[in-house]
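**Q** Every position in the sequence shown, counted from 1, becomes a number in the numbering used here once 1324 is added.
Cβ atoms here follow ideal geometry from the backbone N, Cα and C, with glycine treated the same way.
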Amino acid sequence: MITKLSTSLEICYDHPEMRVLSEAFKPDQNTFRPHTVVLHGKPGIGKSALARSVILGWAQDKLYQDISYAFFFSPREMQWAEKSSLAQLISREWADSQAPMTEIMSQPERLLFVVDDFDDLDSALPQEDTRLCEDWKDEQPIHTLLYSLLKKTLLPQSFLLVTTRDTGLQKLKSMVVSPLYILVEGLSATKRTQLVLENVSDDHRRKQVIRSMLDNQWLAEQCRVPSICSLVCKALKIQEKLGGSCTPVCQTLTSLYSTLVFHQLTPREPFRGCLSPEERGTLMGLCRMAAEGVWSKRSVFYDNDLKTYGLKESEISALFGMDVFQASHSAKRCYAFFHLSLQDFFAALHYVLEGLGTWNQSCFVIKNLRSLSELKGTHFNAHLGGMKRFLFGLVNKDTMRTLEVLLGYPLSPIVNQVLQHWVFMLGQQANDTSPMDVLDAFRHVFESQDKDFVCSALKSFREVEIQVNQRTDLVVSSYCLQHCKNLEALRVDVSDIFSVEMNTELCPVVPQQ
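1. Can you list, in chain order, the residues of its chain whose CB lies under 8 angstroms from that of THR1576, leaving out five sequence neighbours each side?
2. I believe VAL1762 touches GLU1789 by the beta-carbon criterion, under 8 angstroms. Please report the beta-carbon distance rounded to the nearest angstrom.
3. By how many angstroms is the C-alpha of GLU1602 removed from the C-alpha of ARG1596?
4. Please name the residue or residues paired with ALA1651 in a DSSP beta bridge.
5. Quick one: what's got a C-beta closer than 8 angstroms to HIS1807's C-beta in the same chain, skipping five residues either side?
6. Distance, Cα to Cα, ARG1376 vs LYS1515?
7. Helix, strand or coil for LEU1484, going by three-state DSSP, please let me know.
8. What is the C-beta distance between THR1606 and ILE1552, in whole angstroms, given that I count them as a contact (C-beta under 8 angstroms)?
9. Compute the Euclidean distance between the alpha carbons of GLY1732 and HIS1359, then round it to the nearest angstrom.
10. If you draw a straight line from the C-alpha of THR1491 to the C-alpha of LEU1473, how long is it?
11. Who does GLN1273 pair with in a DSSP beta bridge?
12. Roughly how many angstroms separate the alpha carbons of ARG1434 and ARG1815, rounded to a whole number?
13. With a CB to CB cut of under 7 angstroms and the five nearest residues on each side skipped, what residues in its chain are close to MET1402?
14. Quick one: what does DSSP say TYR1803 is sitting in, helix, strand or coil?
15. With burial defined as no fewer than 16 other Cβ atoms inside 10 Å of the residue's Cβ, what is the status of PHE1395: buried or exposed?
16. Exposed or buried, ARG1343, counting other C-beta atoms within 10 Å across all chains shown (16 or more means buried)?
17. What's the gap between the Cα of LEU1610 and the Cα of GLU1637?
18. Where does THR1726 fall in DSSP's three states?
19. Does the ligand NAD have a heavy atom nearer than 7 angstroms to the CB of SER1392?
20. To which residues of the same chain is PRO1367 closer than 6 angstroms at the C-beta, ignoring the five residues directly before and after it?
21. How close, in whole Å, do the beta carbons of PHE1661 and PHE1644 come, if the pair is a contact with beta carbons under 8 angstroms?
22. Look at the Cβ atom of LEU1580, then the Cβ atom of LEU1589, and state whether they are nearer than 8 angstroms.
23. Going by beta-carbon coordinates alone, are LEU1436 and TYR1388 separated by less than 8 angstroms?
24. Tell me which residues share the same chain as LEU1333 and place their Cβ nearer than 7 angstroms to its Cβ, disregarding the 5 neighbours each side in the sequence.
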C-alpha cells in the first residue's frame, strides 16, 4: 500500500514515460479508454520505480485526480497460499485502525490497483485453471484475488497498472482485458555514454571503451538498464585501478562481471592467497541457488531457500562486501540478486564450479536444477539465454585461471569441452542449420574472447550462411569467420547497418571532460 512507499522519491513529471503514463487511462481518439495499462521492459529497466512514482504522484495530487483510492501490491511480499478477501488484503496495510471498505468499494471506477512485477505472480499461479473471484468480500487464495483483478472479474470498473518483464509479456497477454502496453526503454544512449565515461579517466582507455560499446551493441543495449550500467561502471573503475592496459579492447558483459565479482572475492589479507573452505562453500551454495532459480524462473528467495543451500545472509555479505545479494525490509523477509543478469552470471558459474570439492548441502532435494547437457536444447527458452551466454564467457582461459587462483583448486575442463562440442556438432549439420542458429552460435562463441576455444569450436564449419541485421552481428561474424579455419563457402546477407541515425543512437558525441 501507499504507506510502504518512500515519500522521498523524486518524481520527474517531464520524463517521457511519466508523460505517457499521465494520459494512459484517458480515452483515445476513437473513444477507447483502457482500464488496464501494462508497463513492460527488460529486468531492472525502471518499471517498478515508475509504478511507485505513479502512486506517489497520485498521493501528491499531481496524477489521476479522478482516482479516490490507489493501492500498491508487491507479489513477492505476499503469502500466496494464504486465504484472504480483497477487503482484508487492503485493510491489513491501512494506515488507520480500520479501512472504510464500504466507502472504498462504493465507486470501483475511482479505484487504481498497481500490481508490481507480474513475473512473481506468474510463478505462484497453479498450472491448472485458476478459479476466479467476483466478490471483494469472498476469501480466496491471494493469487486468485490478483488473477481475478487481471481478468476483470473482480471490480471490472476499476483501473489496473501492471509491470512485467518482456519475457512474461506473452503470458500476461492471455490474462488481461483490452490493455494499453507501454515499453519502458531505460537510459538513453547519451546518458549511458556519460555514465560509463565518468568512470574512466585515461583518454586512451576512454576511446577503447567507446569503441567496445559501439562494436558490442548487445552490451550497449544491456546498459539501458540502470543497475547493469551501474555494475559496468564499477567494473570499469576496478579495471582502471588494477591496470587498464591489461584488459581486452573488446569488452563483454561476462568479462566486466568477472572483473567485478572476482575482485570482491579476492581475500583482503595479504597472507591469504585463496578462499577458505567455508567461503568456497558459500560461493558454491549461492551459485547453485542462482541456477535453480533461473531454471524455475525464480528471482526472489526466502529464509528457507537460504537454509536449503546452506547459506547465511551474513556470510554472503562478508564474502562479497557489496550488494550482490540484497534483502528486502518487508514483513516477509526476502532476497534477490542486485540484478537478474547477476543471477544469470552466478548460475553459469555453478556449472563451472560443479564437482569442485564438497558443498555444504542440507538434506533437501533440489528438484528444479538441470544438468549442463539439458541446457543445450533450450534455444526457445528466453529466460535461460543469459545464463547460457555467461557460461560461454566464463570458459575464457584467463578468466578460468583467475578463478582457479581464487579457489585454490584446478577447475575441470569438462564445461569447455561440452560447449565446444555443442558448437562443433552445429557446424557438422550445415544442411539442417538456419542462418539464425549459426549467428546465435557465433554470438555465444564471441562471448568467450578466447582464440583457442573459438578455433576448436568452429573447425567443423565448412559452409556458412548468416544474416547481418545490426552492427554487432557484423563484428561478431567477422571475429568468428576469421577463426573458421576450414571454411569453404560463405553467404552473408547484410541489412542497412551503417546509417548515420543508428550509429548516432549507439554512440552519441563523447562528452568532453
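**A** Let me spell this out:
1. ASN1540, LEU1543, GLY1717, PHE1770, GLU1771 and GLN1773
2. 7 angstroms
3. 14 angstroms
4. TYR1659
5. LYS1775, VAL1778, CYS1779 and LEU1782
6. 22 angstroms
7. strand
8. So it is not a contact: roughly 24 angstroms between Cβ atoms.
9. 58 angstroms
10. 21 angstroms
11. As shown, the chain starts at 1325 and ends at 1837. That puts residue 1273 outside it, with no answer to give.
12. 60 angstroms
13. ILE1466
14. helix
15. buried
16. exposed
17. 10 angstroms
18. helix
19. As presented, the structure is devoid of all ligands, the ligand NAD included, so that no description of it is given.
20. ARG1489 and LEU1664
21. PHE1661 to PHE1644, Cβ: 11 angstroms. No contact.
22. no
23. yes
24. Here the model assigns LEU1333 a pLDDT of 47, short of 50, so the residue's position is not dependable, and the following value carries that caveat. Excluding sequence neighbours, LEU1333 sits near ARG1376, SER1377 and LEU1380.
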